[in-house]
Amino acid sequence: MKKLFLLLSLLLPTQVSAQTPPEVYLETNAITATRGDTIEIWANFNNNSTQTRTIYFDFQYQRTAFSLIDVSFATAGADSSAIPTGTTTSLTNFNFPGYKWVQTTANTTTNGLANYQNMQYAYTSGGPYTIRRLYGTVAPPTNTNLGTGRFMKLRFEVLNTAHDFVYDSLYMNFAFANSNNAGWLATNNAVSTGYRSAFFTIGGGTADVLVYGTLDLPTSVNINLLQPRLKFFEKYNNVPDTLRHTESIGTGGTFSITPSEVDTDTDYRIYLSLGGAGGDSIPSILNTAITVSDFTAAETEFSWQSLTTGNFVDTMFTKGVHYMAADINDSRGFDPGDTGTLFAQIAGVATIEMTDTSQMLLKSVFDTVSTAYWRVTDSILDTQTAGPYGMDFHTDTTATDTLNLKYFIPGDVNLSYSSALTTNISGPQGSSGYYYQSSPVLTNTSIDVNLNNLVVTSNSIEIPFEVSTGDQEISALQFEVLYDPSKLQFETMDLGVSSWIAFIDNKLGQVRFGAIDRSREFALSGDFTPFILKFVTVNNPLDIVTQLHLTTNMDASSKSGHQIGITLNSNTIRLIGYNNYANSGS
Amino acid sequence: MQIPVHKIKLLASLVLILGCTLDPTDPFDIDDIITPTFDLGEVPQSTKIVNVEIDALTKTTITLHMAVTVGAMYTIHLIHPLGEDPLAVTGFTATTQLVTVELDYSTISTGLYDIVLIDTQGNSTRIPILLER
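Protein chains in written order, with the working numbering: chain A, 1 to 586; chain B, 1 to 133.
Below, the structure written as C-alpha cells:
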C-alpha cells in the first residue's frame, strides 16, 4: 500500500505556486482641471500576500506647471484603503528639480525594481521637470499586512501657466516594495490594473485664440537646445517693420496666438527663430543635426550626377526639401561648395553660417516641393509668399486661422533634427497613404557598438569602441562623449581605420569624434575597433570614480551613403580605480 | 691659463667616484623601477545584494549580505539617490559565496541614499537605504 501511495504521489503533478509580485499603479491616467485647481493623484497597491513595509516611488512632472502641495497616506482602515486599521506611517520626500528620466528599454519595463536598477537621468540647470522620490513606510499591527487599494495621495496645485503652455504627463518611473522577510521585491507596475502615467487636460485662463497652428518637431528634439520661436512682424508698406509678438513653442510643437498678442485683420510676416534670443545654441544645434551620414548622403548624390547633363539622379534626395537642406551656401543650387562646407562642419574646422532666422516652410510646401522645382524661387513663392525664410500672413477678423509649419536646418539633409517629411508613397503591404519618409535613411538597419567598464590601474586610460556590423558595410562613424574634466583629461584618439579621414572636436568635458571613408573604397564590415579614446587621470588613478557618458549625437553611414542606426550595449562607461576594490575600508 | 693642481685632483676624484657608482648602461637604475601589477581576482559571476540590516540602536551601522563570486573583487559605494560620486567606498575580495560586510556610516548625515555593489566588470546592483538618527 505504501508503494502505491508513493507511486501515486510521483504520478500526480506537483503544483508549485509561484509568488505573485505585489503591484503598484496609478488610479487614473486622465486628469482634467483648470488653472489654479488642486488635483489629486492616487498611487494604489495590491499586496499579493507579501509582508511589504516600504514602497519606494520615483515620480516625474513639470514643476513649471504643477506644485506639489502635500503627500499623504490613505486613511488606515477605510474601505478603499490598502492600509489596515492601527497602522502607523512615515514618509521621506526628496525633490530633484531640473532632473528628467531618460527612457531606455531597460528602465521602461513593468518591473519597478528593474527600472530602478537601470535608472538614467538628464539634468538641466533650471529645467522644467523635477524628480520626486517618495519613501513610504508602514508599520501595521502584529500579524497584519497591507491589503489592496489606495496607498498614497499626491496633491498638486495647477500653476497659472501661459495659455499656450504644453503639458506633459506625470510619470511613475518606478515603484517597488520592501518586504519584512524578503527585502526589496520585484514589483509589478500597472501590470494587471491601473496606469504608470497620468495625462493632464488643463483648461481655464485661455483667452480667445486668433491663430492656432503647429510647428512639426522631430521626436528626438531637445527643446532647450532648439528653442523655436515664431516672430510676428507688422508690415508697413508691405515691408516687415515692427516686432509685434514672439511666440515660444514647446515640445508638442503646437502654438496659439490670442487677439492681445496680434491684431485682427492685419498683415504680418512671420519668421522662425532657433537657438535662443542671441542664437547662442546654434553651434550646438548644428553639431547635433549635422552628422557623418548627412555628408555621405550629400556626397553620394553629388557624385552620381550625370556627367553629360549635370542633372542629379535623385537617388538619395527624393524630394526638393533634401536639396534645399543640402544647399548650404544658399546659391539655389547643389554644388561642390555645399559638400565641402558640410565636411568642414562635421570635421569641426568650420561652422555653417546659420542665422537665428531659420528655413521655415508651410507644411504643404515642405512635403510636396519636387526635386525639379526646389531651386525655382517663384515656385515656392506661389504658395508661400515672402520666400522660404519668412511668410506673409493676414490675420482674420474673428475666426481662428490655422498655420501648419515645418522647418529644416541647413546641412541636415536626412532631416534627423528637422521636421519629418510626410509624403504619399507606398506603405506596408503595398498600401498607399501618407507616411513619414526620410529618404537618405536605411530603416531597420543598425550596427552594434560595445563599450566596456574599466578598473583603472594607471593614469593612462584607453577606451576602445568595439563595432560589430555583421554583413553591413559602413563608411562613416561618429560619437560624442561627455567626461568630468576635474578627473580626466582627454589626450588623443587612436584610429583603427587608417584609410579613413578622422576628426576630433575636443572641448572641456566633451569630445566629438569620428571618421569618414571619403573615397568610399575602404568600407568595413564585421567586428573591428575604429576608435580608442585615450585619457589621463588628473589625480591618483587608483582612487578615481567617474563615468563617461555617450550623448545621442552619434551616427553611422552605410557604404551607399545612407544613415543607419547604432545599438549601444550601454551609453555609460564606468571607470573605477583599483583602490576602490582593495580592502580599503569605508 | 694654468689650472691649479688641487682643482685637477678634485675633478679627477669626482670622475673616479662617478665612474665607480654609475652603471654606464643604466646610470639611473631604470631597470629597477618595477611597473606595479594589479591582480583583479576572479571574473565575477554573481553580483547580488541579498539583504541589508540597519543596527536598530546606532542606526549607522549597516550589515550588507551579498551573493558574490569567490576570489572576485568588489566595491560598495554609498551615493546620493541621483548621484554618481560616492560618499563612502568599501572594497573587498570575496572569500565565500555569501559575504557579509559591516559598513560604518556614522559620519554620513541623515537622508535617503543608494548602496551600490559593483564588480570588476562594471556590473552593479543597488538598493535604497534610509539613514536616520
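The beta-carbon is built from N, C-alpha and C at its ideal position, and this holds for glycine as well.
Here the structure is a predicted model, which means the values were calculated and not measured.
Per DSSP, reduced to three states, the secondary structure at ALA325/A is helical. Three or more Cβ pairs closer than 8 Å define a contact, and the stretch 47-60 of chain A meets that threshold against the stretch 127-146 of chain A. Note on ASN143/A: under 16 other CB atoms within 10 angstroms of its CB, so exposed under the neighbour-count rule.
Annotated three-state conformation of SER284/A is helix, per DSSP. Across the structure, PRO485/A and SER525/A are spaced so that their CA atoms are roughly 34 Å apart. At a cut-off of 8 Å between beta-carbon atoms, LEU130/B makes contact with chain A. Here DSSP, grouped into helix, strand and coil, assigns ILE516/A to strand. Of the candidates THR52/A, SER220/A, TYR116/A, LEU215/A, TYR116/A places its Cα closest to the Cα of PHE174/A. GLU84/B and ALA67/B have their C-alpha atoms some 23 Å from each other.
Note on PRO336/A: under 16 other CB atoms within 10 angstroms of its CB, so exposed under the neighbour-count rule.
If only complete runs of 3 or more residues are kept, the stretch 80-106 of chain B shows the beta strand (DSSP E) at 88-93, 98-104, in order along the chain. Taking 3 residues as the minimum length, the beta strand (DSSP E) runs contained wholly in the stretch 334-372 of chain A are 357-362, in order along the chain. Taking a cut-off of 8 Å for Cβ pairs, the stretch 98-108 of chain B and the stretch 56-70 of chain B touch, as three or more such pairs fall below it.
Here ALA190/A carries a coil assignment [DSSP, helix/strand/coil].
When THR457/A, PHE535/A, GLN51/A, THR445/A are compared, the shortest CA-CA separation from ILE566/A is found for THR445/A. About 18 Å separates the beta carbon of VAL467/A from that of THR552/A, a gap too long to meet the 8 Å contact definition.
Following the DSSP letters along the chain, one finds GLY136/A inside the beta strand (DSSP E) bounded by residues 129-139. The straight-line gap separating the alpha-carbon atoms of LEU568/A and THR469/A is approximately 12 Å. Taking CB atoms only, GLN45/B has no neighbour in chain A less than 8 Å away. Among the bridge pairs identified by DSSP, ASN178/A is matched with THR54/A, TRP184/A.
Taking a Cβ-Cβ threshold of 9 Å, the residues of chain A close to MET73/B are VAL455, TYR578, TYR581, ALA582, in chain order.
CA-to-CA, the gap between VAL365/A and ARG229/A works out to about 20 Å. With respect to VAL221/A, SER256/A sits apart: the two C-beta atoms are not nearer than 8 Å. For the set VAL349/A, GLY390/A, THR341/A, VAL449/A, the Cα lying nearest the Cα of LEU362/A is the one of GLY390/A. Taken through DSSP and simplified to helix, strand or coil, LEU226/A comes out as helix. Within chain B, no residue has its CB atom less than 7 Å from the CB of ASN107/A, the nearest being about 13 Å off. For the stretch 123-149 of chain A, the set of positions with a beta-carbon nearer than 9 Å to some beta-carbon of chain B reads TYR123, ILE131, ARG133, TYR135, THR137 in chain order. Counting only runs of 4 or more residues that sit fully inside the stretch 495-579 of chain A, no alpha helix (DSSP H) segment turns up. Around the C-beta of VAL536/A, fewer than 16 other C-beta atoms lie within 10 Å, and the residue is accordingly described as exposed. Within chain A, no C-beta atom comes nearer than 7 Å to that of ILE115/B; the closest sits roughly 11 Å away. The three-state secondary structure of GLU299/A, taken from DSSP, is helix. Judged by pairs of C-beta atoms under 8 Å, the stretch 323-334 of chain A does not touch the stretch 477-494 of chain A, as fewer than three such pairs exist. A Cβ of chain B is located within less than 8 Å of the beta carbon of TYR56/A.
DSSP, read as helix, strand or coil, puts SER416/A in coil.
Below the 9 Å Cβ cutoff, chain A contributes ASN453, ARG574, ILE576, ASN580, TYR581 as neighbours of ILE118/B, in chain order.
Look at the stretch 171-184 of chain A: the residues with a C-beta under 7 Å from a C-beta of chain B are GLY183, TRP184.
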